[in-house]
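> What follows is a single structure, and I will ask about it in a moment.
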Amino acid sequence: MHAWCIVVVLLHGSAPMLAQDPGPATTSAGWRLAEPGYTLQFPRDHGSHPEYRIEWWYYTG
120 MHAWCIVVVL
130 LHGSAPMLAQ
140 DPGPATTSAG
150 WRLAEPGYTL
160 QFPRDHGSHP
170 EYRIEWWYYT
180 G
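For the sequence shown, the working numbering assigns the number 120 to the initial residue and increments by one for each residue that follows.
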């Protein structure tokens with residue numbers, strides 16, 4: 120029973136932290152991070168993406 124109370128107290132204290140929206144992922148220097156699920160939209164994505172620190176495209180085929 121004592122362990123159960125400790126678990127409840129710990130989870131209750133972390134609930135507000137889990138509910139926050141983190142927003143777009145960025146580095147401490149302000150660069151955006153590539154995130155899974157990004158949908159490319161052409162022709163807009165044919166150009167550069169200056170908000171990212173590094174970018175490269177290559178063709179295989």
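Idealized CB from N, CA, C, for every residue including glycine.
(1) So what's R163 in DSSP terms, helix, strand or just coil?
(2) Which value, in whole angstroms, describes the spacing of the CA atoms of S147 and E170?
(3) What does the alpha-carbon distance come out to for the pair R172 and A144?
Result, derived from the coordinates:
(1) helix
(2) 13 Å
(3) 13 Å
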